[in-house]
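Each number in the numbering used here corresponds to the 1-based position in the sequence shown with 105 added.
Quick reminder that beta carbons are idealized off the backbone N, C-alpha and C, glycines included.
Owing to the predicted nature of the structure, the values given are computational and were not obtained by experimental measurement.
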Amino acid sequence: MNFSYRYRAEDSAVELPAADYIARFRDAQRIAEYCRACPSYGSSWGCPPFGFSVEEYLSGYVTALVVATKIVPEQEGLPLSEAGRLMRPERKRIEARLLDMERRIGGRSFAYVGTCLHCPEGSCTRPDGNPCRHPDRVRPSLEACGFDVGRTARELFGIELKWGVEGRMPEYLTLVCGFFHNAGHIVWNG
Ligand code: SF4
Numbered sequence: 106m107n108f109s110y111r112y113r114a115e116d117s118a119v120e121l122p123a124a125d126y127i128a129r130f131r132d133a134q135r136i137a138e139y140c141r142a143c144p145s146y147g148s149s150w151g152c153p154p155f156g157f158s159v160e161e162y163l164s165g166y167v168t169a170l171v172v173a174t175k176i177v178p179e180q181e182g183l184p185l186s187e188a189g190r191l192m193r194p195e196r197k198r199i200e201a202r203l204l205d206m207e208r209r210i211g212g213r214s215f216a217y218v219g220t221c222l223h224c225p226e227g228s229c230t231r232p233d234g235n236p237c238r239h240p241d242r243v244r245p246s247l248e249a250c251g252f253d254v255g256r257t258a259r260e261l262f263g264i265e266l267k268w269g270v271e272g273r274m275p276e277y278l279t280l281v282c283g284f285f286h287n288a289g290h291i292v293w294n295g
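Listed below in structure tokens is the structure:
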């Protein structure tokens with residue numbers, strides 16, 4: 106069985122003042138309702154509820170770099186259940202890059218929401234109340250911190266998020282990630 110799919114991926118990046126991004130795109134109460142309705146709520150250390158103040162977590166940064174990655178599968182109508190596998194290489198690429206930027210220049214990464222990449226599926230320690238195995242790698246998503254990612258994609262990048270229909274993937278998938286920092290201007294080449 107072939108476990109890899111051919112696709113085209115393209116990153117777009119926007120930088121704006123972190124305070125503006127928070128004011129325009131964070132709607133913590135409404136987004137928290139969506140999180141509470143998600144089966145992943147409380148089941149991974151990358152998802153809410155968090156043991157820290159999100160407001161404090163977001164504070165102290167001048168600039169928000171927001172990155173949207175559009176992933177277009179070559180084959181149309183792939184099963185929606187394969188979306189995670191299709192996106193995985195791009196998630197790994199982006200998360201590695203964000204964590205490398207944290208190490209080199211400081212700042213905070215916001216990864217893509219979804220199944221954690223760092224342990225085998227279904228083996229997260231959180232349901233048993235045990236500490237995360239890889240806290241150095243796990244970062245919350247923008248959604249988990251109360252940002253409206255649908256509006257972010259539409260208004261900053263002109264991308265409408267697409268959802269699967271009748272068990273099939275849409276024509277493209279979109280990952281939205283972020284990096285809050287005080288390092289001036291960061292060039293993100295996709
Ligand atoms: S790294 Fe492992 S233990 Fe930590 S959140 Fe991810 S799946 Fe859970």
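Element boundaries [beta strand (DSSP E), containing residue i]
i              : result
isoleucine 176 : 168-178
Euclidean distance between Cα positions of residue i and residue j
i              : j                 : result
valine 167     : serine 149        : 29 Å
arginine 161   : phenylalanine 155 : Sequence check: residue 161 is glutamate here, not arginine. Computed Cα separation, rounded: 12 Å.
leucine 191    : arginine 113      : 11 Å
isoleucine 176 : glycine 269       : 14 Å
methionine 106 : glutamate 187     : The predicted model places methionine 106 with a pLDDT of 45, which falls under 50 and marks its position as unreliable; any figure quoted below should be read in that light. Answer to the nearest angstrom: the Cα atoms are 13 Å apart.
isoleucine 210 : glutamate 200     : 15 Å
glycine 251    : leucine 121       : 17 Å
valine 119     : arginine 256      : 14 Å
isoleucine 291 : isoleucine 264    : 22 Å
histidine 286  : alanine 169       : 7 Å
Where residue i falls: helix, strand or coil (DSSP)
i                 : result
alanine 123       : helix
leucine 261       : helix
arginine 111      : coil
phenylalanine 157 : coil
arginine 129      : helix
arginine 242      : coil
Host alpha helix (DSSP H) of residue i (start-end)
i            : result
cysteine 250 : Here cysteine 250 belongs to no alpha helix (DSSP H), and DSSP marks it neither H nor E.
cysteine 140 : 133-141
Counting only runs that start and end within the segment 160-240, where is the alpha helix (DSSP H) found for 4 or more residues in a row?
188-210
Is the segment 280-288 in contact with the segment 215-232, if contact means three or more CB pairs nearer than 8 Å?
yes
With a threshold of 8 Å, are at least 3 pairs of Cβ atoms found where one atom belongs to the segment 190-204 and the other to the segment 228-235?
no
Give a yes or no on contact between the segment 124-137 and the segment 236-246, applying the rule of three or more CB pairs nearer than 8 Å.
no
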